[in-house]
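Protein chains in written order, with my numbering: chain A, 952 to 1175; chain B, 29 to 96.
Structure record follows, encoded as structure tokens.
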Amino acid sequence: MSRVYLYALLSGPPACDTGRGVCAERLRIVATGGLVALVGDVVDAPAPSALTLRAQDAVLRRLATELDAVLPVRFGTLVSDDVALAEALARRQPQLARALGRVAGCEQMTLRVWGDVATVETPTATAGGGPGTRYLAGRRHAHERARRVPELEPLRTRLADLVREERVERHDRPPLLATVQHLVRRGAGARYVDVVNAARDSLRPWRVSVTGPWLPYAFAEEAA
Amino acid sequence: MTAPTRAGARELLETTDDSLLDLVDNLLNRGVVISGEVMLGLAGVDLVYVRLQAILCSADRVEQRHAR
């Protein structure tokens, strides 16, 4: 029995042929509750491999050339039928619509920060307060730190006019210290790479690697 | 989900291709999640995740996945 494999949410139905999916199935559009979904009918979701991951990315990249926004869905997402799909999307329609608006006309660049030692930041001492206050202050410090990449400060001002949104993940497991995802205007990727390359000396001892442009995978998460 | 082949998983795990690692990170670790419907908790996919997390992702996410 076939099920519905969900590839992405789209800003609208594409004018071009949707083509075929990872399993060579004919792709189709499901419009429901103000959202437009790209789906295929498959017996099983494809197994993750270099081939299938590249194929799924290629399907979405092809459509992205025709559409203002493509919001990728996590690989392997399968629902029983179109009714189940409509119900799943209806539950978070506002968030999904906002996410589509956020990524419209944009692509993602991925920056990784490398170094031989983890960056150490000492929490600011909390004056007064009991153990509960200190605990909460520590939690707040950890929360804030998880979203900061001080290693990139020399680069921030240079990228400011290119970056629309940012997502940060600190790892602090040398040599990988952090991953930073930037949402940039479509077509700005090459300039972004040039700016990063020009800033490498100012970032020492930290090293950075940059990949992209990607579809805005990292900017779809908050729609969950 | 069709179980990933051993050779396929090895290719994903042992690659030194930055672009492939980013592709794996993007497709398996990001994107819109339709809760309760993602069929990724099966077979060797968790192994792919765990190794990938060690390479690319934060420790708190590894812990989340183990807790599921």
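The C-beta atom is built at its ideal place from N, Cα and C for all residues, glycine as well.
Quick caveat, the model's predicted, so the values are computed rather than measured.
- By the CB criterion at 8 Å, A/LEU1062 and A/VAL994 fall outside the cutoff.
- Under the Cβ criterion of 8 Å, A/THR983 is not counted among the residues facing chain B.
- Within chain B, the C-beta atoms nearer than 7 Å to that of A/LEU960 come from VAL60, in chain order.
- Close partners of A/PRO1126 in chain B (Cβ separation under 7 Å) are lacking, with about 11 Å as the shortest Cβ gap.
- Assignment of A/ALA1069 by DSSP, reduced to helix, strand and coil, places it in the coil class.
- Per DSSP, reduced to three states, the secondary structure at A/PRO1082 is helical.
- Within chain B, the residues whose beta carbon sits less than 8 Å from that of A/GLN1007 are LEU55, listed in sequence order.
- The C-beta distance from A/ASP992 to A/VAL955 rounds to 6 Å, short enough to meet the 8 Å contact threshold.
- Taking each of A/LEU957, A/ASP1019 and A/LEU1004 in turn and checking the Cα distance to A/ALA966, the smallest one comes out for A/ASP1019.
- Partner residues in the beta bridge of A/ARG954, as assigned by DSSP, are A/VAL993.
- In the three-state reduction of the DSSP assignment, A/LEU986 falls in the strand class, which pools E and B.
- Here the region 1125–1134 of chain A makes contact with the region 1048–1068 of chain A; the two share three or more CB pairs at distances below 8 Å.
- Taking C-beta atoms as the reference points, A/PRO997 and A/CYS974 count as a pair closer than 8 Å.
- Taking a cut-off of 8 Å for Cβ pairs, the region 1079–1092 of chain A and the region 1028–1035 of chain A do not touch, as fewer than three such pairs fall below it.
- The beta carbon of A/GLU1102 is closer than 8 Å to those of VAL1064, GLY1066, THR1070, LEU1128, ALA1129, LEU1154 and TRP1157 in its chain, skipping five residues each way along the sequence.
- Residue pairing for A/CYS974: DSSP places it in no beta bridge.
- Using beta-carbon distances, A/ALA1037 does not count as an interface residue toward chain B, since no partner is under 8 Å.
- Considered as a whole, the region 992–1050 of chain A harbours 1021–1023 as its complete beta strand (DSSP E) runs of no fewer than 3 residues, in chain order.
- A/PRO1126 sits in coil when the DSSP states are folded into three classes, being neither helix nor strand.
- By the rule that beta-carbons nearer than 8 Å mark a contact, A/LEU957 touches chain B.
- With fewer than 16 other Cβ atoms from the protein chains shown falling within 10 Å of its own Cβ, A/TYR1086 counts as exposed.
- B/ASP53 is classed as buried because its beta carbon has at least 16 other beta carbons within 10 Å across all chains shown.
- DSSP places A/PRO1164 in no alpha helix (DSSP H) but in the uninterrupted beta strand (DSSP E) bounded by 1158–1165.
- Exposed is the label assigned to A/LEU1002, since fewer than 16 other Cβ atoms lie within 10 Å of its Cβ.
- Residue state for A/THR1108 is assigned as helix, using DSSP reduced to three classes.
- Only residues of its own chain outside the window of five on either side were considered, and among them GLN1132 and ALA1169 have a CB closer than 6 Å to the CB of A/ARG1118, listed in chain order.
- For the C-beta of A/TRP1065, not a single chain B residue is nearer than 7 Å; the gap to the nearest is close to 12 Å.
- For the region 1011–1028 of chain A, the set of positions with a beta-carbon nearer than 8 Å to some beta-carbon of chain B reads LEU1022, PRO1023, VAL1024, ARG1025, PHE1026, GLY1027 and THR1028 in chain order.
- Interface residue (Cβ-Cβ distance to chain B less than 8 Å): A/PRO1101 is not classified as such.
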